[in-house]
Each structure stands twice: as structure tokens, then as C-alpha cells.
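Engineer: Just remember that this note's numbering sits 349 ahead of the position in the sequence shown, which is counted from 1.
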Amino acid sequence: MIVGERILEISGNKVPKAQIKGLSINISIEDVKMAEENVEITYVYTANYQDGAGQLKLKGVLMAKEEAKLAKEVVESWKKAKKIPDDYATVVLSAVNYSGSANGTLLARVLTLTAPLMPPKIQLSKTDPDPKK
């Protein structure tokens with residue numbers, strides 16, 4: 350469970366008079382380690398605006414308190430392959446995306462860029478045409 354976060358660095362730039370046409374988000378994990386009883390995950394969140402219109406970059410550390418078995422698995426996976434388990438990566442990436450969107454919005458406002466928000470993909474589920482089933 351994610352229990353905290355520290356932002357270590359934040360930077361951004363905007364090309365004057367550039368039109369904002371689109372945005373891509375990149376999240377990279379730089380390090381995973383144990384610190385006391387927490388798993389610490391160092392990440393970089395980068396929002397690149399298309400056609401070089403601007404960039405926002407946040408570097409931070411997520412702190413997660415996990416059961417000993419899961420914590421060991423996450424750290425060992427990182428040490429061996431520079432990868433964290435897929436099911437755990439989903440939690441981490443969601444937390445980083447949320448933080449990057451929230452904190453990046455403040456930076457984007459100062460630079461007069463659009464907020465780095467990636468809307469969720471909406472997907473319709475198919476309903477069964479036979480209500481008796």
C-alpha cells in the first residue's frame with residue numbers, strides 16, 4: 350500500500366507562442382529499494398507536448414508499506430531484471446500518474462501549458478440481449 354511520496358525535482362519549459370496539439374506521458378522507474386520498513390520507488394514522470402511545444406518533468410519517490418514477502422519480491426525483481434512484478438506495477442504506475450497529473454497541473458498553469466491529464470479510455474461492456482440469462 351502506498352503510504353507516502355516525496356517530490357525530489359520538478360522542471361518545465363514552454364516554447365513561446367507554441368500551439369498545444371497533443372501530449373504524451375512517460376513514466377520510468379529509476380530505482381527500487383528497502384528503506385527501513387518501506388519499499389521506496391524512485392520514478393520520473395515526463396509530460397512531452399507535441400511538436401516540442403513544452404515539457405514537464407517530475408522526479409519523486411513513492412513509499413509503500415508492504416507485507417515482508419511482497420516487499421522482498423518487488424525489490425529482488427528490481428535487482429535481478431530492473432523490473433517490478435506486473436500486478437504491483439499497476440499500483441505504482443497509477444500512483445505516479447495521479448501524482449504527476451496533480452502536481453504537473455500546478456506547474457503547467459505557471460507555464461501556461463494545458464494540464465497533463467490523460468483521460469481514461471472509456472470502454473462499453475456488452476450486455477447480454479437475453480435478460481433471462
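Note that the Cβ used here is the ideal one computed from N, Cα and C, for glycine as well.
1. Please report the Cβ distance between G403 and V364, rounded to the nearest whole angstrom; I am assuming they are in contact, meaning their Cβ atoms lie under 8 Å.
2. Would you call G353 buried or exposed, if buried means 16 or more other Cβ atoms sit within 10 Å of its Cβ?
3. With a threshold of 6 Å on Cβ separation, who are the neighbours of S377 within its own chain once the five nearest residues in sequence on each side are excluded?
4. Closest to L442 by CA distance: which of T391, K418, M383 and L462 is it?
5. Closer than 7 Å: is that where the CB of E386 sits relative to any heavy atom of the ligand NAD?
6. Need the endpoints of the beta strand (DSSP E) that D486 sits in, please.
7. In terms of residue numbering, what span does the beta strand (DSSP E) encompassing A396 cover?
8. Using the C-alpha atoms, what's the distance from L419 back to N375?
9. So is G453 buried or exposed if we call it buried at 16+ other beta carbons inside 10 Å?
10. Between M412 and I433, what straight-line distance do the alpha-carbon atoms span, to the nearest angstrom?
11. With 16 as the cutoff for other CB atoms within 10 Å, does E416 come out buried or exposed?
12. CB V424 to CB V388, shorter than 8 Å?
Structural biologist: According to the data block:
1. 6 Å
2. exposed
3. Cβ contact annotation for S377 (same chain, cutoff 6 Å, sequence separation greater than five): V393, in chain order.
4. Among T391, K418, M383 and L462, the Cα nearest to that of L442 belongs to T391.
5. The ligand NAD is absent from the structure shown, which contains no ligands of any kind.
6. The first residue shown for the chain is 350 and the last is 482, placing residue 486 beyond what the model contains.
7. N387 to Y398
8. It is roughly 26 Å from the alpha-carbon of N375 to the alpha-carbon of L419.
9. buried
10. 15 Å
11. Looking at its Cβ environment, which holds fewer than 16 other Cβ atoms inside 10 Å, E416 is exposed.
12. In this structure, V388 lies closer than 8 Å to V424 by Cβ.
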